[in-house]
Amino acid sequence: MSESSGSAVPSLTAASRTAERPTTGPVTEAFRPRSSSRSMQTTRRMARGLCAFDRLIPRLDLDPGPHDPAREAISRRTPRGGAPMPELPDKATEFIDWYLAVVEAADLTDKRYPVKGLNVWTPYGMAARRHFDRVLVREIEATGSRAVEFPTLIPETEFAKEKEHIKGFDAQVYWVTKGGATDLDTKLVLRPTSETAMYPIFALWVRSHRDLPLNVYQIVNVFRYETKTTRPFLRDREIHFFEEHTCQANEEHATERVRSNRAAFAKMAHAFALPYLAIRRPEWDKFPGAYYSIGLDVPMGEARTLQIGTVHHYRENFSRPYGIQFEDADGSQRFVHQTTFGISGRLLGAVVAFHGDQRGAVFPTELAPYEVVVIPIPSADSGDAPDGLAGEVADRLVRHGRRVRLDRGEERPGAKYYHWELAGAPLRLEVGRREAEQRTVHAVDRLGRKESLPIEGLERRVDERLAEFDRALSERARGAFQEAFSVALRLDNLAGSTKVRVVSWCGREECGHRIEQAIDGSLLGTPEDPLPFATPEIGPCIACGTIEGARWAIAARPL
RNA sequence: GGGACUGUGGGGUAGCUUGGUCCAUCCUUCGGGGUUCGGGACUCCGAGACGCCAGUUCAAAUCUGGCCAGUCCCA
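Numbering (my numbering), first residue to last: 721 to 1279.
Right, here's the structure in full:
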């Protein structure tokens, strides 16, 4: 491509961008995710290089700018004749492209699997997932839940027992209809969730009030035939899924379990440095078969939200059709009250999407495949000293229990920095001639903060440094979270905002739908907790003007 | 479910309108050698692609049809 081919077809975007950027020097093209590249081609062909030109960005643009003398010095010193590396799309204006670029470039997924919506978990992505699971297991088991695993296939006869449930999932289940060449007498569904697999068995397990509560969870894959566009982690057809199912003696105990699940989720979210809102879904949007549903939502920018978890209270809605009853202390037969708690692998995507920045992914320490990356910086005049010290540092931290990657690759140090920033490693330790002489390491965290650490007591200093990183990451996330909401007082200014809207709603379905129409999205429901930001006094419902029953509700465009 | 569009080495692209100038170009990637190494190194050698199947034609990446895969839009 050439610059002239692009400038022959100017556009406002191209013109405004190039106006603020020098057009000389090495140029590069934005990294494009594999998935959208095909669709981009139509546009590109039509525009004859326009789009490509739009992406011609001088390489030094990555740096703080020409006013930084240190950077200038570096760029003068460093040979710059080479091919420039791709840029990430702008997170603020091209969120989806940015996200797809990050999850691929950070090597969390390989999207080339030839079936829509099925995700390949790469070694790096899988490592993050295992740490993710570890946090979920730790927190749910702390509340007295035990692991089980039920089969992937569910007979149609069981699947159809709860009417609302089957209605809600009918359109998105995969059917298994054949075994070899034989048509199956009873068709099987690939579980989209496991109520209907578990509950016939729960009916056998629960006989007495002494069997209660029954709190079990499993981490398995579920399948949902998504008709919408799929995105790695955020919307897959094969979903990595955590689900807890419980049976309680009565409604109050079930309500208490919901509370307990929410508390456990708060701890999980804390580990991921992820702020969220617990929102009770409106009647028309609750889980099929539930008495009520609480969604756990994270704002993702552009007025969008991502549901990263759910807690449901089923009352007796499932225990009756599935016959889960017990003999109470007084000798009477009662149906159990049930709850479920679900978290999908999209939470992992949410972490990448929420914390990531223009340099790539940012993992909180708990999730990072490598918490610490050690990079030796060899040079002609320092011999093996840096490499030796780097090895010593890595050894010590591994013995200390840290997940460490000693990067002895052939790339130059700078290339490694970029790579590990893209991959989201929380802490980088650089060891060169200076450090070898002084017995120190140069520590740089993923938020760009630098510090020299002495080798003596390094383990403790690294622990502190990582804790401080997580704290700062949480703080940054809280700031972004609070910025993501704004109150809307009128129906006609709901649309067009980049904020998730906080509105007054009388609670009636008719008004709810009017609000949804106005924002071209969903009314997520009413927050379970006081909003974590200032709101004015509640006014009349923005749809009908009634003050009676008005409460704050959240309206957004779910991702 | 309806419609539109797109498939070129591991990745990104050019070429397609108007078939031949293309045993397909450039960047990146990968393997090997050398010089390097404090923010995306250089250099030399090498590897690697027209989604699949038919058709039209003297000749197909290019035109036609079917299939497969993908993307977007609408319901």
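Ideal placement from N, C-alpha and C gives every residue a C-beta, glycine not left out. Bear in mind that the values here come from a model prediction, so they are computed numbers and not experimental data.
Beta bridge pairing from DSSP links R982 with no other residue. Between the stretch 1246-1260 and the stretch 1213-1221 there are fewer than three inter-stretch CB-CB distances shorter than 8 Å, so the stretches are not counted as touching.
Residue pairing by DSSP puts C967 in a beta bridge opposite L934, Q1058. A contact is defined here as three or more CB-CB pairs under 8 Å, and the stretch 1023-1034 fails this definition with respect to the stretch 927-937. In the three-state DSSP reduction, L924 falls in the helix class (H, G or I). P952 and D1017 have their C-alpha atoms some 18 Å from each other. Residues E884, H885, K887, G888, F889 of the same chain have their beta carbon placed closer than 7 Å to that of P1008, with the five preceding and five following residues left out of the count. The Cβ-Cβ distance between C1226 and A1276 does not fall below 7 Å. With three or more CB-CB distances shorter than 8 Å, the stretch 1149-1163 counts as touching the stretch 1104-1111. Across the structure, M846 and N839 are spaced so that their CA atoms are roughly 11 Å apart. When Cβ pairs closer than 8 Å are counted between the two stretches, the stretch 1040-1050 is seen not to touch the stretch 941-955, the count staying below three. Less than 7 Å separates the beta-carbon of A969 from that of H929. By the neighbour-count criterion, in which a residue is buried when 16 or more other Cβ atoms sit within 10 angstroms of its Cβ, L1209 is exposed.
Taken through DSSP and simplified to helix, strand or coil, F961 comes out as strand. In the assembly as shown, N981 is a buried residue. Its beta-carbon has 16 or more other beta-carbons within 10 Å.
Beta-bridge partners of Y996 (DSSP): none assigned. Apart from sequence neighbours up to five positions away, the residues of its chain that approach L1186 with a beta-carbon distance below 7 Å are T1085, E1091, P1146, L1147, ordered along the chain. Following the DSSP letters along the chain, one finds Y945 in no beta strand (DSSP E), marked with neither H nor E. For Q1027, the enclosing beta strand (DSSP E) covers residues 1024-1035.
Checking the DSSP bridge columns, you'll see F1046 partnered with R1054. Residue pairing of H1233 in beta bridges, as defined by DSSP: absent, with no partner found. Here P1019 really is in contact with A1204; their C-beta atoms are around 4 Å apart, less than 8 Å. If you draw a straight line from the Cα of A1049 to the Cα of L1067, it is about 41 Å long. The residue among E971, F943, E972, C967 with its C-alpha nearest the C-alpha of F961 is F943. Looking at the backbone, the Cα of A848 and that of A1073 are separated by about 14 Å.
For the alpha helix (DSSP H) assignment, the uninterrupted runs of no fewer than 4 residues enclosed by the stretch 809-858 are, from N- to C-terminal side, 815-825. Minimum Cα-Cα distance from D810 among the listed residues A880, G1080, D1240, T902 corresponds to G1080. With a contact defined as Cβ atoms closer than 8 Å, D827 and A998 miss out at about 33 Å.
The criterion of a C-beta distance shorter than 7 Å is satisfied by V1113 and V1094.
Membership of P1106 in the alpha helix (DSSP H) is indicated by the continuous run 1105-1119.
Going by DSSP, K883 is part of the alpha helix (DSSP H) stretching over 883-889.
DSSP, reduced to helix, strand and coil, places F1007 outside both helices and strands of the structure shown, so it counts as coil. In this structure, the alpha-carbon of A867 lies about 21 Å from that of A991. Look at the stretch 1228-1275 and you find these whole runs of beta strand (DSSP E), each 3 residues long or longer: 1242-1247. Of the residues assessed, Q1237 falls on the exposed side of the cut-off, its CB having fewer than 16 other CB atoms within 10 angstroms.
L908 carries a strand assignment under DSSP once its states are collapsed to helix, strand and coil.
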